[in-house]
Each structure stands twice: as C-alpha cells, then as structure tokens.
Amino acid sequence: MLRLTALLTGLALATAGCGSSGSAGTVPAADGTLLALINRVDAPAFLSDHPGLFVATTTEPGMESISLTSYDPAQPPPAKQEVVGFGHLSADAARLDARVYSIFVLDGKRFYAAEFDEDSRRRIAEEGEWFLGTDRDAYAADRLAAIDALLATAK
1 MLRLTALLTG
11 LALATAGCGS
21 SGSAGTVPAA
31 DGTLLALINR
41 VDAPAFLSDH
51 PGLFVATTTE
61 PGMESISLTS
71 YDPAQPPPAK
81 QEVVGFGHLS
91 ADAARLDARV
101 YSIFVLDGKR
111 FYAAEFDEDS
121 RRRIAEEGEW
131 FLGTDRDAYA
141 ADRLAAIDAL
151 LATAK
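Mind the numbering: the sequence shown is residues 1 to 155 in my numbering, read in order.
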C-alpha cells in the first residue's frame, strides 16, 4: 500500500506542475481513447458551475489521466489538498493498464487515498485514515460524480 501512497502523492505533485523522469519499470501503452476524451473535455464550462475546483491533466503515454483539485495546480500545493482523478492511476502493478478513479486527501501529515473500479465504482484499494469529519462513502460518491460530470462535458 505504500506504493499507492507514493503514486497518489505523485498524482498530487504532477497536478501541481511538477514532472517526473519516469522509472525503470515498464510503462503501459498509450491510451488514445482516454487521451481523446481528455482533450474533448470542456473544463471552462465545468468550472463555471464548480467554483473552487481546478482541472489538471496528464497526457504522458500510459499515464493519461484527468483530475479535479481543490487548489490551483499552477501554484505550489497547499498543506491541505483534495484530488480526485480518473485514468491510468492504479498503484497496483497488475492494473497499470486499467483505468481507475482515485481520491487523495492530504492535510499536513494526515492522508487518505483510495482507488475505485472504473465500472462498478467499488473501492479496490485504500490507505491512510479517513479524517475529514464527513461520511467517507458519501464524500467518495460526491467526488466520483464530480469527475463524471467533468468527463460528460467532452464534445
């Protein structure tokens, strides 16, 4: 599960504009279908109805994803971060080619990270402690609905 934390922390940093030179591992093949979907998303239309959220994308082959963040990804990330994403974000080596939903919440040293199946929305991985003071499942359902609403703007 430490790999999940590292991957989701990397997602948060990547959406903040930091890059990575990659790793020595095998990179999954590019997902042209997902990349095309990401490129068709109408982020300005979505954001006009969702103040306080920001959109970030990753288009590196095999790592294609789109995320909603609680902070401006062009600025240094704050101590409290909330990121929900969809794409090739799995921390499980057996699912690197799979598309998943992910949630990452960080506040200082406290964090919560979870991965959800693309089709069933079933939680398939989880790490950290839930600390937001709201219902974890209701929060996840709300955030997954938000990323789905963003994806639905694709033209």
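We put the CB at the ideal spot given by N, CA and C, even for glycine.
query	result
Own chain residues within Cβ distance below 7 Å of R143, not counting five before or after	V84 and I103
Three-state class that DSSP yields for Y71 in the structure shown	coil
Under the three-state DSSP convention, the category D142 falls into	helix
DSSP state of T15 mapped onto helix, strand, coil	Residue confidence is low: T15 scores 41 on pLDDT, short of 50, so the model does not pin down where it sits. Its coordinate-derived value is still stated next. Reduced to three states, the DSSP call for T15 is helix.
Contacting residues, own chain, Cβ-Cβ under 8 Å from L35 (five flanking each side not counted)	T59 and E64
Beta-carbon gap between L37 and H50 smaller than 9 Å	no
A146 to V55 span [Cα, whole Å]	11 Å
Runs of beta strand (DSSP E) wholly within the stretch 95 to 124 (minimum 3 residues, chain order)	100 to 107 and 110 to 117
Distance, P78 Cα to K109 Cα	12 Å
Integer-rounded CB distance, given that F131 should sit under 8 Å from D148	Contact flag wrong, Cβ pair sits at about 25 Å.
Test item: CB-CB of H88 and V100 under 9 Å	yes
For F131: DSSP bridge partner residues	According to DSSP, F131 bridges with nothing at all.
A114 to S120 span [Cα, whole Å]	14 Å
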